[in-house]
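Right, one structure below, let's go through it.
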Amino acid sequence: MAAQVPQPRQPHPARAAVGRDRVVDPHRAPQSGEHQQPAPGPLPLRRVQRGQVQRVVEHTGVDLARRQRRRRPQRGVARHLAAQPLAQPEHLAGLLLVGRAELHQLLQHRLAGGRQAGQRERAQIERGAGGPGGLALGRRQQDEHGVLLTGGTCATATGALSSVRPLGGRDGSGRRVPTAVTGSRAGVKHFPGIGTPHAEGSRQPLWTWPAVGGVCAFAAALVLGPLRPAAGSALSGLWPGDVNSASTAIQAVATASVTVTTLTFSVTVVTLQIASQQFSPRLLRRYARDRVIKSVLAVLIATSVFALTTLAFLDAKQPVPTVSVFLACTLGVASLAAVLAFLSHIVREVRVDSMMVSVHDETGQAIRMFYPGRDEPARLSPEELGLDEAPGTTVYGRSSGFVRLVRVDRLVAGARRGEAVVRLLVRPGDLVVAGTPVATVWRRDPSTGALGPHPGEGPAVDAIHDTVLLGYERTLEQDVAFGFRQLEDIAVKAVSPGINDPVSAITAIGHMADLLVKLAGCRLGATAHRDGDGVGRAVVPDRDLRYYLDLTCGQLRRFAAAEPTVLAALLRMLRDLATAVRDEPSAAETRRAADLVLETLAPSVGPRDAEQIHDLHGRVLAALDGRTAEAYLDRSGETRSA
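For the sequence shown, position 396 matches number 547 in the numbering used here, and the numbering has no gaps at all.
Spelled out as structure tokens, the structure:
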């Protein structure tokens, strides 16, 4: 039985669009499938699947492959494909299993160019199996039966299917959109520049770049060491001294580079210790993957290895290897520049404001990439599958760890092969213990569609274990809540008696306020996913607004119950969220969070400070009632910053 969809709250007439919610005028809300029509232009689709291109060519008579390179996929499509007689959206819609409005929107957008487009292109390895509303033009999108699987975007796979998004560049609101053709959260979607779905796990450790630099320097020294230019040649002038002076210079470079390398490692360790003790242990991974630190260590190790190896080729009876000596001295100067860059970078990165900005940006990017906007209509509700009406079979985890990745495309394909319906019980960020339930699976009758108990083995069960990837720590690859967790850690540490820095806590609350407003414009909650035939095959859970509110407010309101400035910052955050929510359930959760903040006010707080907290609580309620101007009257004569 389908769940009743809550009626949207009417937006305030004077309020601008917030987050991803573009509904501003209550009398002119976008209709389902409606979109803006940008100016037509060329559509250089990359990595187009050959089979899909051939089907379109045979159906429309339009040459889509304008360019072909050896050992590379066909690239490019004809200009203004929608203008071709046989390539109208109603024709291609039936061929490629995509709605007419979505296809028309697809054909009118262009890919974002440049480096970011290439990075996003490399990230599109995993795609989800969406329903009739999705279209994926990328790597393999067919199952073993040859059925075209439609595309998706969100690695968390935690939201309802939605319309196809633009193919890159920027949408009508100016927000950058990904390269992939998407159906929201039906599959895997990644940050620009992060790479594959295993980006967090395959990201090189701290020692990789220095090791590669040392090996390359050793090989270069072996190649250049035997080169001894003849007297009078141009290369012989690279080093005007004799062998003794060259040996002295190289020894100085080797000694200095080893010393500076030790200093760099020491500074890095101290920085990690400071970040762990004063801010959050979960921030250490930022430094372990920092490219500047890796680059500096690689330069220093390369300098040391090259200088030490070159010393072996110095012989008083032979000419000076001027090229090697000159390169060793050049690397010594480069090492000094690298150390200066390293110190400047560390001083900047160790600041708490820089850490919060970095976490805020990554989390905001995850929200934009993983969650569909409220203006994107839901295609299938999990309640429509009727899973609670029939008994299912519980699947238990085989190993322990944090859920880092959910590959919905494989889950849907496995459920389709096994004629089953799967409901995951875990989401990215959850801690799974071996032997505990991770999913429930039902057997689906292909003729009647009736659900029943599953035998507990087969392709569907195997797909569950292959879908849920575990790791030893949480990552932001699919876990948006992990970004909130890091900001909350900074705020909680700041209000601890050992640090006592409420200003940093208030700053962290400000970052979380912006992220909550972004979430208010998105659709949260569990989502159902279809296969290529439009049959619901998988339900993946996700966190709702109450979870995020408890995460951002729970610990802070308890630890800072006697600090009015922090409680006031929490209420201001909820006031900002109150102006952004657009449905009654979200408004009720915001009101509940504000009431909890007021209830935790410590009795030791003075009456005047308590009066300020009660006043801000009333302003949150005013914002929820649509009285925005009244809710923000306290801005006159005082600043919102601590």
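Beta carbons: idealized from backbone N, C-alpha and C, even for Gly.
Limits of the alpha helix (DSSP H) - the one that residue i falls within
i, result
"Thr779", "Thr779 to Ala782"
"Gly365", "Thr359 to Leu375"
"Arg440", "First-last for Arg440: undefined, no H or E at that position."
"Ala720", "Pro715 to Ala729"
"Ala405", "Val394 to Ile425"
"Pro579", "It is not in any alpha helix (DSSP H) - Pro579 carries neither H nor E in the DSSP assignment."
"Leu666", "Pro653 to Ala671"
"Leu536", "Per DSSP, Leu536 belongs to no alpha helix (DSSP H) and is neither H nor E."
"Pro470", "Where Pro470 is concerned, there is no enclosing alpha helix (DSSP H), given that its DSSP letter is neither H nor E."
"Ile641", "Val631 to Ala645"
"Gly769", "Pro758 to Leu775"
CB-CB length for residue i against residue j, believed under 8 Å
i, j, result
"Glu639", "Thr703", "6 Å"
"Ala517", "Ser550", "The Cβ separation is near 25 Å, so there is no contact."
"Glu608", "Arg555", "In fact, because the Cβ distance is near 25 Å, the residues do not count as touching under 8 Å."
"Leu721", "Leu707", "6 Å"
"Ser486", "Ser408", "5 Å"
"Ala645", "Ala656", "4 Å"
"Arg667", "Met724", "The amino acid at residue 667 is misidentified as Arg; the sequence shows Leu. About 7 Å separates the two Cβ atoms, so the contact holds."
"Val404", "Gly515", "45 Å between Cβ atoms; not a contact."
"Arg770", "Arg726", "6 Å"
Span of the beta strand (DSSP E) around residue i
i, result
"Leu575", "Ala571 to Leu575"
"Arg525", "Segment: none, Arg525 is in no beta strand (DSSP E) and carries neither H nor E."
"Ala689", "Gly687 to Val691"
"Arg555", "Gly552 to Val557"
"Gly607", "Here Gly607 belongs to no beta strand (DSSP E), and DSSP marks it neither H nor E."
"Gly622", "Val619 to Gly622"
"Thr678", "Thr678 to Arg681"
Straight-line gap, residue i to residue j (C-alpha atoms, nearest Å)
i, j, result
"Glu513", "Gly580", "16 Å"
"Ala614", "Ala679", "16 Å"
"His163", "Arg502", "Because His163 carries a pLDDT of 47, less than 50, the predicted location of this residue cannot be relied on, and no value is offered for it."
"Pro736", "Ala744", "13 Å"
"Val363", "Val447", "13 Å"
"Gln637", "Val374", "48 Å"
"Val508", "Val654", "15 Å"
"Val421", "Met506", "16 Å"
"Thr587", "Gly552", "12 Å"
"Ala488", "Ala632", "39 Å"
"Gln402", "Ala458", "7 Å"
"Thr779", "Cys673", "21 Å"
"Val589", "Val411", "50 Å"
"Leu576", "Val690", "9 Å"
"Ser417", "Leu775", "52 Å"
"Gly687", "Ala564", "11 Å"
"Trp593", "Pro604", "5 Å"
"Cys480", "Gln424", "34 Å"
"Val573", "Glu740", "29 Å"
"Ala738", "His662", "20 Å"
"His255", "Gly600", "For His255, the pLDDT reaches just 44, beneath the cut-off of 50, and the residue's location in the model is therefore unreliable, leaving the point undetermined."
"Ser755", "Tyr438", "41 Å"
"Arg561", "Leu491", "48 Å"
"His511", "Thr545", "38 Å"
"Ala677", "Arg440", "32 Å"
"Glu624", "Ala463", "45 Å"
Bridge partners - residue i, DSSP secondary structure assignment
i, result
"Tyr547", "Pro588"
"Cys704", "DSSP output for Cys704 lists no bridge partner at all."
"Ala738", "Answer is none; Ala738 lacks a bridge partner."
"His496", "Answer by DSSP bridge pairing: none, since His496 is not bridged."
"Arg595", "Leu602"
Any chain B beta carbon closer than 8 Å to residue i
i, result
"Ala488", "You won't find chain B in this structure, because it holds only one protein chain."
Query raised in the report: For the stretch 685-696 against the stretch 708-716, are there 3 or more C-beta pairs whose distance is under 8 Å?
Result: The stretch 685-696 is not in contact with the stretch 708-716.
Report task. State whether the stretch 450-463 contacts the stretch 384-393, with contact taken as three or more CB pairs (one from each stretch) at a distance under 8 Å. Result -> In short, these stretches do not touch, since the Cβ pair count stays below three.
Report task. May I ask you to verify whether the stretch 605-622 touches the stretch 492-499, counting CB pairs closer than 8 Å and requiring at least 3? Result -> These segments do not touch.
Query raised in the report: Do the stretch 519-527 and the stretch 537-547 touch if we need at least three Cβ pairs shorter than 8 Å?
Result: With fewer than three CB-CB distances shorter than 8 Å, the stretch 519-527 does not count as touching the stretch 537-547.
**Report entry** Contact the stretch 567-576 vs the stretch 592-611: 3+ CB pairs below 8 Å
**Finding:** Put simply, the stretch 567-576 touches the stretch 592-611. At least three CB pairs are less than 8 Å apart.
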